[in-house]
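Going down the list, the sequences are from chains A and B.
Following my numbering, the numbering of the first sequence begins with 136 at its first residue and continues without gaps.
Following my numbering, the numbering of the second sequence begins with 0 at its first residue and continues without gaps.
Quick reminder that beta carbons are idealized off the backbone N, C-alpha and C, glycines included.
No experiment lies behind these values; they were computed from the predicted model shown.
Below you'll find the structure, written out as structure tokens, and then a few comments.
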Amino acid sequence: AQTVTQSQPEMSVQEAETVTLSCTYDTSESDYYLFWYKQPPSRQMILVIRQEAYKQQNATENRFSVNFQKAAKSFSLKISDSQLGDAAMYFCAYTLGTSYDKVIFGPGTSLSVIP
Amino acid sequence: GAVVSQHPSRVICKSGTSVKIECRSLDFQATTMFWYRQFPKKSLMLMATSNEGSKATYEQGVEKDKFLINHASLTLSTLTVTSAHPEDSSFYICSARIAGVGNEQFFGPGTRLTVL
Chain A
136 AQTVTQSQPE MSVQEAETVT LSCTYDTSES DYYLFWYKQP PSRQMILVIR QEAYKQQNAT
196 ENRFSVNFQK AAKSFSLKIS DSQLGDAAMY FCAYTLGTSY DKVIFGPGTS LSVIP
Chain B
0 GAVVSQHPSR VICKSGTSVK IECRSLDFQA TTMFWYRQFP KKSLMLMATS NEGSKATYEQ
60 GVEKDKFLIN HASLTLSTLT VTSAHPEDSS FYICSARIAG VGNEQFFGPG TRLTVL
């Protein structure tokens, strides 16, 4: 069975600094998608970044980037120049290649940003 | 981006009554919709997967007679909590996916259910 693990229940970062959130997953599939979602206090889930497993290049979205290590089944999120608005729960997630496949979420990491 | 709405955003009901939560995709047709339950400071727990025109597929441990899901059209799915009890109080989130669009899920804003 596929599983997603986030080993850091809570993290904190100084404003303007960089923080890395860890995620590992377990799967026997070769074609899949990985995501990082942000859930602020409003509880609206927001997609931060997406990575297709067949792509070797790490995805980037402005201040957000990932370090995707397929062999190690690792998918960490780096947030650069942290801002107060980055404070939220962050969930790593995994899904297979069709729209019918369910998404498996990790337990989440609560990120605090210190002014 | 694609927008998913949920209604109501908050609902309070008495124990023993039924509550219906609607999930709508506003500007796209959703091939598949998902219903999640989230406890405070916890991750999203998938309850069921709903495909338009067919019966929902429930996750292990989720009572299908308790949580009725209807996906009547490509833009609407409903979750009905029947004979609600205080332990059903939770945050319920729906999401929708479009076939072939990077497999991204578009999430609704959630519904907070409180059963007295």
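At least 3 beta-carbon pairs within less than 8 Å: the segment 45 to 52 of chain B vs the segment 101 to 108 of chain B: no
Okay, do the segment 18 to 36 of chain B and the segment 73 to 92 of chain B touch, 3+ Cβ pairs below 8 Å being the bar? yes
Under 7 Å between C-beta atoms of Asp26/B and Val3/B: no
Just to confirm, is the Cβ distance from Ile11/B to Thr113/B under 7 Å? yes
Distance cutoff 7 Å, beta carbons only. Does Ser4/B sit that close to anything in chain A? no
6 Å CB neighbourhood of Leu156/A in its chain, flanking five on each side removed: Leu212, Tyr225 and Thr244
Counting Cβ pairs closer than 8 Å, one from the segment 165 to 183 of chain A and one from the segment 146 to 154 of chain A, do we hit at least three? no
Beta carbon of Phe199/A, beta carbon of Val183/A: below 7 Å? yes
Where the segment 30 to 44 of chain B meets chain A: residues whose CB sits under 7 Å from a CB there: Thr30, Thr31, Phe33, Ser42 and Leu43
According to DSSP, simplified to helix, strand and coil, what is Leu219/A? helix
Might you give, ordered along the chain, the residues of its own chain that have their beta carbon closer than 6 Å to the beta carbon of Arg111/B, omitting 5 neighbours on each side? Arg9 and Phe90
Report the residue from Lys237/A, Phe210/A and Leu246/A whose alpha carbon sits nearest the alpha carbon of Asp221/A. Leu246/A
Which of the three DSSP states is assigned to Glu51/B in this structure? coil
Beta carbons nearer than 9 Å to chain A: which residues of the segment 81 to 112 of chain B have them? Phe90, Ile92, Ser94, Arg96, Ile97, Ala98, Gly99, Val100, Gly101, Asn102, Glu103, Gln104, Phe105, Phe106, Gly107, Pro108, Gly109 and Arg111
Where does Phe38/B land, buried or exposed, given buried means 16+ other C-beta within 10 angstroms? exposed
Count the other CB atoms, across all protein chains shown, that sit within 10 Å of the CB of Gly60/B; report buried if there are 16 or more and exposed otherwise. exposed
Can you find a C-beta in chain B that's less than 7 Å from the C-beta of Lys190/A? no
Just the C-alpha distance for Glu150/A and Glu196/A, rounded to the nearest angstrom, thanks. 19 Å
Reducing DSSP to helix, strand and coil, say where Glu187/A ends up. strand
Would Thr79/B count as contacting chain A if we go by Cβ distances under 7 Å? no
For chain B, is any of its Cβ atoms less than 7 Å away from the one on Pro175/A? no
Closest by C-alpha distance to Phe240/A, when choosing among Tyr189/A, Gln179/A and Thr159/A: Thr159/A
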